[in-house]
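Chains as they are written, first to last, in the working numbering: chain V, -8 to 107; chain L, 10 to 123. Only one structure is covered here, and it is reproduced in the block below.
Rendered as structure tokens:
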């Protein structure tokens, strides 16, 4: 069975600081997909990124960047120059290619608080 | 293009009662998944419907059941409610059921069981 662990339950930073959210996953499958979602107080999960297991290139999108390392089964997420609007709960998730049902397995989430 | 909508937004039920939650998928999406998110935890997969058939199920008892209609909207039914069923129920739609499909989530229904 697959598992996603987000060891940091809560992080507090001051605006403009950089912050990294950690994600470690477990699966025996060789083909899988990793995701990050943002959940603001409204409750709706907002898709941020999808990465497949064969693509270990890091990705940057504006202030967001992702570091995927298969050797350590990690898919970490960094926000550069954090802003108050980044305050939310962030979830890392895993989906297996052969899933019957496209099931997302989520980590427990990291609550990020960015203070002005 | 309308996003995923869910109704009601909040609901309070008594233990032992039954509840029906509704979800309208994003236009053009034929696959709907349901997740349960307990307070302070990550969402847990309940089941998925594809073209009106259940297409995968998580570790939830049979009292959690669902339906998908020809217009791809969906219902989640929970019988014999228990206190632990109190949670945010999230619906997600996608273009297709495979793992590549990006899932679009609705705002959720907050269910409180007393």
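Every residue, glycine too, gets a C-beta built ideally from N, C-alpha and C. Predicted, not measured: the structure shown is a model, and the values here were computed from it.
Check	Outcome
Hey, could you find the ends of the beta strand (DSSP E) residue 66(L) is sitting in?	62 to 66
Is any beta-carbon of chain L found at less than 9 Å from that of residue 19(V)?	no
Can you tell me whether DSSP reads residue 64(V) as helix, strand or coil?	coil
Ends of the beta strand (DSSP E) at residue 22(L)?	19 to 22
Please go through the same chain and pick out, in chain order, the residues whose beta-carbon is closer than 6 Å to the beta-carbon of residue 20(V), but skip the five residues on each side of it.	87
Rounded to whole angstroms, what's the CA-CA distance from residue 44(V) to residue 23(V)? Just pull it up for me.	5 Å
Tell me residue -5(V)'s beta-bridge partners as DSSP assigns them.	16(V)
Please go through the same chain and pick out, in chain order, the residues whose beta-carbon is closer than 6 Å to the beta-carbon of residue 66(L), but skip the five residues on each side of it.	56
Below 9 Å between beta carbons is the criterion; list the residues of the segment 103 to 122 of chain L that meet it against any residue of chain V, in chain order.	103, 105, 106, 107, 108, 109, 110, 111, 112, 113, 114, 115, 116, 117, 119
What does residue 33(V) reach in chain L if we use C-beta pairs closer than 8 Å?	116
Please determine, among 43(L), 35(L), 64(L), the residue with the shortest C-alpha to C-alpha distance to residue 96(L).	43(L)
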